[in-house]
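2 protein chains.
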Amino acid sequence: MRHLCMPEGLSADDTAKLEGVICSTRPILRGEALFRAGDVFESLFAIRSGSLKTVVSHEGGREQVTGLYLSGDALGLDGIGENTHICDAIALEDSSVCLIPYALFERVCRETGAIQRRLHQMMSREIVRETSQMMTLGTLRADERVARLLLDLSARFTRRGYAAAEFTLRLTRDEMGSYLGITLETVSRTLSRFQKLGLIDARGKLIRIRDFDGLRGI
Amino acid sequence: MRHLCMPEGLSADDTAKLEGVICSTRPILRGEALFRAGDVFESLFAIRSGSLKTVVSHEGGREQVTGLYLSGDALGLDGIGENTHICDAIALEDSSVCLIPYALFERVCRETGAIQRRLHQMMSREIVRETSQMMTLGTLRADERVARLLLDLSARFTRRGYAAAEFTLRLTRDEMGSYLGITLETVSRTLSRFQKLGLIDARGKLIRIRDFDGLRGI
DNA sequence: CGAAAAATTGACCCGATTCAATTCAAGTGG
DNA sequence: CCACTTGAATTGAATCGGGTCAATTTTTCG
Chain A
1 MRHLCMPEGL SADDTAKLEG VICSTRPILR GEALFRAGDV FESLFAIRSG
51 SLKTVVSHEG GREQVTGLYL SGDALGLDGI GENTHICDAI ALEDSSVCLI
101 PYALFERVCR ETGAIQRRLH QMMSREIVRE TSQMMTLGTL RADERVARLL
151 LDLSARFTRR GYAAAEFTLR LTRDEMGSYL GITLETVSRT LSRFQKLGLI
201 DARGKLIRIR DFDGLRGI
Chain B
1 MRHLCMPEGL SADDTAKLEG VICSTRPILR GEALFRAGDV FESLFAIRSG
51 SLKTVVSHEG GREQVTGLYL SGDALGLDGI GENTHICDAI ALEDSSVCLI
101 PYALFERVCR ETGAIQRRLH QMMSREIVRE TSQMMTLGTL RADERVARLL
151 LDLSARFTRR GYAAAEFTLR LTRDEMGSYL GITLETVSRT LSRFQKLGLI
201 DARGKLIRIR DFDGLRGI
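Which chain is which? The protein sequence lines are A and B, in order.
For the first sequence, UniProt numbering begins at 1 and goes up steadily by one.
For the second sequence, UniProt numbering begins at 1 and goes up steadily by one.
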């Protein structure tokens with residue numbers, strides 16, 4: 001959490017300013033939307049606890065999971081450009097988010113270089129994350145995509161102080177597939193194969209990675 | 001061009017400030033790199049004339065075109081987060097770019113709300129563009145991807161004052177395929193099919209769209 | 001003009017989707 | 001607390017879209 005709300009590199013004074021921007025926190029129940037495509041953009045959000053997915057819906061019923069956000073991640077940056085959100089943000093479990101009114105945040109950014117830099121960093125990193133996801137969708141085979149998702153999540157959980165090798169995946173097979181651009185059946189088959197190869201231990205949503213290098217080598 | 005360098009909604013004073021940030025312009029020959037993955041990030045770039053692609057290279061030789069930038073577009077936002085570029089930016093034709101030293105730009109943003117807003121807009125729109133590309137790569141069939149690329153380029157050329165129905169595509173079939181996550185052969189076959197269906201007229205790199213609604217309906 | 005790169009087209013093949021049938025897990029209410 | 005319902009996950013069989021390999025043709029550019 002502190003990554004975002006109290007980033008290192010800020011003076012005590014700056015930190016106080018940043019805390020002043022966080023107006024309130026909001027709980028969201030599993031399955032609820034924090035915002036929806038078309039909603040007017042007013043605030044950024046920082047996840048205090050829990051996890052959310054972002055989903056884009058196409059005309060014609062097709063939809064895709066475009067992002068996966070854990071505690072400390074920032075959400076809502078898509079809305080800045082046109083003052084409107086372009087995706088739904090849905091809680092994957094009961095979660096809690098900080099609310100950061102954008103108009104206020106913008107003003108504080110102008111006052112404090114360190115905070116400004118933090119916002120720009122957040123946005124740029126989101127761009128980099130999406131570029132990486134485009135690589136995944138554009139060039140990898142199905143099993144490579146699944147392996148990459150598991151390793152990515154493991155790394156992100158680790159950075160948050162959780163175990164690297166064991167975590168609860170809050171996504172259904174369907175959501176995983178949607179995120180990776182493959183079908184839920186392919187996800188399921190791939191996980192089964194990984195299990196048979198001794199790379200992972202998957203009992204439902206609980207995933208245990210047994211062979212990191214093996215996964216990386218897929 | 002003016003979209004970026006002299007956005008409407010800025011006062012004469014703000015415009016002057018913005019012009020002060022644009023230190024110099026730089027020509028790039030077709031095939032040359034404006035920056036490369038790993039380069040230290042120092043400046044943003046705005047395209048004055050021409051067009052560039054961004055390319056990400058994977059370990060193992062695989063690479064993907066992740067972006068396509070025309071005159072007026074901003075380039076280099078990926079570097080802000082970690083002070084390092086993550087992709088190569090390569091000129092698709094002889095082009096010219098404005099150089100915007102980031103340290104200077106950051107300072108001006110702090111002084112002027114309107115300019116700050118413009119930067120945030122640029123970054124947010126890049127996020128939205130990438131999200132849209134993720135949709136393309138994750139959910140569309142090959143022919144839908146090609147149709148979407150043609151329509152997208154047509155719209156972008158139109159906004160720049162060029163003809164909507166006819167434009168020169170600076171990408172090779174290989175680059176198109178890489179951008180769309182399909183092979184060059186599939187691109188070629190799809191374009192031939194579109195031609196046979198009377199949707200387009202493609203003579204090499206010169207594309208003429210004959211039936212917009214038909215393309216949209218693919 | 002001629003070499004090299006790009007594009008087209010065909011034939012074959014394979015990975016992933018689709019369709020379908022169970023099995024498993026998770027809530028819910030009697 | 002357990003049967004019941006419902007959504008999620010697994011697995012198999014058949015199909016197909018797009019990839020791969022290869023042979024020509026066309027275009028580009030030094």
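Think of the CB as a built atom: it goes at the ideal place given N, C-alpha and C, for glycine as much as any other residue.
As the structure is a computational prediction, the values presented were derived from the model and not from experiment.
- Residue 158 of chain A counts as exposed, since fewer than 16 other beta carbons sit within 10 angstroms of its beta carbon.
- With contacts defined by Cβ atoms closer than 9 Å, residue 208 of chain B and residue 218 of chain B do not form a contacting pair.
- Closer than 9 Å to the CB of residue 104 of chain B there is not a single CB belonging to chain A.
- Counting of Cβ neighbours within 10 angstroms places residue 103 of chain A among the exposed residues, the total staying below 16.
- For residue 115 of chain B, no beta strand (DSSP E) segment is defined; the enclosing uninterrupted segment is the alpha helix (DSSP H) at 113 to 139.
- The three-state reading of DSSP puts residue 162 of chain B in coil, since its state is none of H, G, I, E or B.
- The C-beta of residue 156 of chain B comes no closer than 9 Å to any C-beta of chain A.
- Of the candidates B/57, B/59, B/90, B/90 places its Cα closest to the Cα of residue 69 of chain B.
- About 24 Å separates the beta carbon of residue 21 of chain A from that of residue 86 of chain A, a gap too long to meet the 8 Å contact definition.
- For residue 95 of chain B, the closest Cβ of chain A is not nearer than 9 Å.
- Between residue 173 of chain A and residue 188 of chain A, the C-beta gap is smaller than 9 Å, which places the two residues in contact.
- DSSP places residue 187 of chain A outside any beta strand (DSSP E); the residue lies instead in the alpha helix (DSSP H), whose first and last residues are 184 to 196.
- Of the residues assessed, residue 145 of chain A falls on the buried side of the cut-off, its CB having 16 or more other CB atoms within 10 angstroms.
- When the alpha-carbon of residue 61 of chain B is set against those of A/197, A/139, A/124, the nearest one is in A/139.
- Proximity of chain B to residue 200 of chain A at the Cβ level (cut-off 9 Å) is not reached, the minimal Cβ distance being about 22 Å.
- For secondary structure counted as the beta strand (DSSP E) over 3 or more consecutive residues, the region 69 to 109 of chain A holds these complete runs in sequence order: 88 to 91, 95 to 101.
- The Cβ atoms of residue 212 of chain B and residue 202 of chain B lie no closer than 9 Å to each other.
- Ranked by Cα distance from residue 178 of chain A, the options A/77, A/58, A/116, A/105 are led by A/58.
- For residue 184 of chain B, same chain residues with a beta-carbon under 7 Å away, outside a window of 5 residues either side, are 173, 174, 177 in chain order.
- Here DSSP, grouped into helix, strand and coil, assigns residue 67 of chain A to strand.
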